[in-house]
Amino acid sequence: MSEQKPAVPSRWALWLPLVLFGAFVALVLYGLQRPAERDVRSAMIGKPLPQFSLRAATDDRPGLSFADMADGKPKLLNIFASWCIPCAVEAPQLAQLRAQGIDVVGVAIRDKPDDLKAFLLRHGNPFSRIGADDVSAIQFAVGSSGVPESFVIDGKGTIRYQHIGEIRADQVEMIVKKVREAGQ
Amino acid sequence: MKRLILALALFSVPLLANSPLPSAPYAYVQLENPSKEAEAQALMQSIRCLQCQGQSIADSDAQIAGDLRNQIRLRIKQGEEPEAIRAWLIERYGDYVSYAPRINSRTWPLFAAPVLLLGFAAFMLRRRFGKGEA
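Take a look at the structure:
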């Protein structure tokens with residue numbers, strides 16, 4: 001404190017409130033410019049899938065349980081529904097992944113068997129297993145907040161990657177890479 | 185014509201659509217035990233809806249919110265503690281899912297700042313008004 005007379009503030013102290021105000025305005029403007037992240041990301045990446053067991057959603061594919069996920073091979077867990085329109089948009093990409101040798105397993109959320117059957121007939125069935133979840137329980141268990149969402153699961157049943165929203169055509173390669181990485 | 189389109193638009197189905205299944209058993213039904221229901225309500229009012237993010241799951245009509253209410257009521261019915269369920273959800277979705285902020289390495293400045301500011305103000309006031317006595 002070199003100030004001798006506190007009654008007369010130094011020059012910089014006079015400007016300080018204005019500088020602080022300017023910094024505050026800059027911060028607000030920066031926050032307004034940045035697009036807000038609307039997705040709620042799962043906090044379960046790197047953690048094992050919880051125990052679960054879902055009945056078969058269709059006649060021609062078995063259901064899905066934790067043991068099926070932790071069978072030594074990496075998988076893509078796709079959470080979808082016949083009533084979800086982006087899920088139909090994503091179907092060709094799932095077929096491509098299947099064609100590239102990725103094991104795609106599905107969970108149908110709140111679906112009617114007939115609706116699901118029609119959906120799979122119309123858009124193709126890339127799934128080796130489809131579990132039925134009528135109360136979104138698997139979503140809460142893995143930290144998923146909507147459909148469609150896809151999770152890369154390694155051979156031990158650990159969640160490696162979460163993809164929110166439909167997988168678009170230009171994201172197929174990236175997903176293949178993630179699944180291959182999980183297999184190493 | 186415009187009016188007709190407008191009228192049709194009012195009754196059209198939203199793009200992302202909804203599941204045709206009826207809501208889960210406890211999505212819109214209270215627990216039989218009033219004190220358990222009160223516990224569930226208190227928790228549900230402080231858990232964020234994952235789809236309508238400004239709302240709590242108690243306020244939201246999104247299906248995923250109904251399913252989460254169902255799960256919370258069932259778990260409280262089975263004797264689980266509300267705070268354990270909150271911790272379980274935070275483990276899955278991060279702090280964002282809860283409306284009751286926790287003190288941790290990222291949030292402590294929020295709680296510390298008012299205390300520090302009050303302390304600073306008290307110090308300044310003492311310096312200014314305490315002079316005469318000293």
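Sequences listed follow chains A and B, in order. Quick note: the first sequence uses the working numbering, first residue 1, plus one each step. Quick note: the second sequence uses the working numbering, first residue 185, plus one each step. All residues carry an ideal CB built from backbone N, CA and C; glycine is no exception.
**Message:** Using a Cβ distance threshold of 8 Å, determine whether the stretch 84 to 102 of chain A contacts the stretch 115 to 124 of chain A, with at least three qualifying pairs required.
**Reply:** Because the criterion of three Cβ pairs below 8 Å is met, the stretch 84 to 102 of chain A and the stretch 115 to 124 of chain A touch.
For this session: Please classify Ala249/B: is it buried, with 16 or more other beta-carbons within 10 angstroms of its beta-carbon, or exposed?
Result: Counting Cβ neighbours within 10 Å, Ala249/B comes out buried, since at least 16 surround it.
**Prompt:** So, does the CB of Val152/A fall closer than 8 Å to a CB anywhere in chain B?
**Reply:** Interface with chain B (8 Å Cβ-Cβ cutoff): Val152/A is excluded.
Does the CB of Asp103/A have a neighbour CB from chain B at under 8 Å?
Not one chain B Cβ lies under 8 Å of Asp103/A.
Report task. Taking His194/A and Ile175/A to be in contact with their CB atoms under 8 Å, please state how far apart those CB atoms are, rounded to whole angstroms. Result -> Residue numbering for chain A in the displayed model covers 1 to 184; residue 194/A lies beyond these limits and cannot be assessed.
query = By the criterion of Cβ-Cβ separation under 8 Å, what are the contact partners of Asp145/A in chain B?
reply = Sequence inspection shows Ser at residue 145/A; the Asp mentioned does not correspond to that position. Ordered by position in chain B, the residues that pass the 8 Å Cβ test against Ser145/A are Leu234, Gln235, Ile248, Tyr277.
- By Cβ distance below 7 Å, which residues in the same chain neighbour Glu221/B in space, the five residues on each side in sequence not counted? Here the set comprises Gln214, Leu215.
Item to check | Under the three-state DSSP convention, the category Gln255/B falls into | outcome: The answer is helix: DSSP assigns Gln255/B an H, G or I state.
Which same chain residues, not among the five before or five after Glu149/A, have their C-beta less than 6 Å away from its C-beta? Here the set comprises Ile79, Ile164.
Q.
If I measure Cβ to Cβ from Pro266/B and keep anything under 6 Å in the same chain, skipping five residues before and after, which residues do I get?
A. The residues are Glu223, Leu227.
Bridge partners for Thr158/A per DSSP, in chain order? Pro48/A.
Please name the residue or residues paired with Leu77/A in a DSSP beta bridge. The secondary-structure analysis by DSSP pairs Leu77/A across a beta bridge with Val105/A, Phe151/A.
Q) Tell me which same chain residues have a C-beta within less than 7 Å of the C-beta of Asn254/B, skipping the five on either side of it? A) Here the set comprises Ala208, Pro209, Tyr210, Ala211.
**Asked** Taking Pro113/A as the reference, which of Ser82/A, Ile102/A, Arg98/A has the closest Cα?
**Response** Considering only Ser82/A, Ile102/A, Arg98/A, the residue with the shortest C-alpha distance to Pro113/A is Ser82/A.
- Item | DSSP three-state assignment for Ile175/A, whether helix, strand or coil | Helix.
Chain-order list of residues whose beta-carbon lies under 8 Å from that of Lys47/A (same chain, five-residue window excluded):
Once the five neighbours on either side are set aside, the close Cβ partners of Lys47/A are Thr158, Ile159.
| message | So, for Met69/A: in the same chain, excluding its five sequence neighbours on each side, which residues have a beta-carbon less than 6 Å away from its beta-carbon? | response | Around Met69/A: Leu49, Ile153, Gly157.
Quiz item: If you draw a straight line from the alpha carbon of Phe119/A to that of Ile130/A, how long is it in whole angstroms?
Solution: Phe119/A and Ile130/A have their C-alpha atoms roughly 13 Å apart.
* Asked: Leaving out the 5 sequence neighbours to the left and right, which residues in its chain are closer than 7 Å to Leu116/A when beta-carbon positions are compared?
  -> Cβ within range, chain order: Ala57, Thr58, Ser82, Ala108.
- prompt: Nearest CA to the CA of Ser282/B: which residue from Ser289/B, Gly238/B, Ala297/B?
  reply: Nearest to Ser282/B by alpha-carbon distance, out of Ser289/B, Gly238/B, Ala297/B, is Gly238/B.
- Quick one: what's got a C-beta closer than 6 Å to Asp251/B's C-beta in the same chain, skipping five residues either side? Closer than 6 Å at the Cβ level, and outside the excluded window around Asp251/B, lie Ala208.
| message | I need the boundaries of the beta strand (DSSP E) containing Gly131/A, first residue and last residue. | response | Counting along the chain, the beta strand (DSSP E) containing Gly131/A begins and ends at 127 to 133.
Item to check | Buried or exposed (CB count within 10 angstroms, at least 16 for buried), Phe313/B | outcome: Exposed, since its Cβ has fewer than 16 Cβ neighbours within 10 Å.
### Message
Whole angstroms are fine: how far does the CA of Ala305/B sit from the CA of Gln171/A?
### Response
Their Cα atoms are separated by approximately 55 Å.
Give the DSSP bridge partners of Leu54/A, in chain order. Under the DSSP definition of a beta bridge, Leu54/A partners with Leu64/A.
Residue burial classification, Ala36/A (beta-carbon count within 10 angstroms, cutoff 16):
With fewer than 16 other Cβ atoms within 10 Å, it is exposed.
Would a check of beta-carbon distances place Gln139/A closer than 8 Å to chain B?
Closer than 8 Å to the CB of Gln139/A there is at least one CB belonging to chain B.
Check your understanding: If you draw a straight line from the C-alpha of Ala26/A to the C-alpha of Ile260/B, how long is it?
Key -> Straight-line Cα distance between these residues: approximately 46 Å.
*In terms of alpha-carbon separation, which member of Lys75/A, Ser136/A, Leu20/A lies closest to Val147/A?*
Sorting Lys75/A, Ser136/A, Leu20/A by C-alpha distance to the C-alpha of Val147/A places Ser136/A at the top.
### Task
Under 7 Å between beta-carbons, which chain B residues line up against Trp83/A? List them in chain order, please.
Think of a sphere of 7 Å around the beta carbon of Trp83/A: the chain B residues whose beta carbon falls inside it are Ala201, Asn202, Ser203, Pro204, in chain order.
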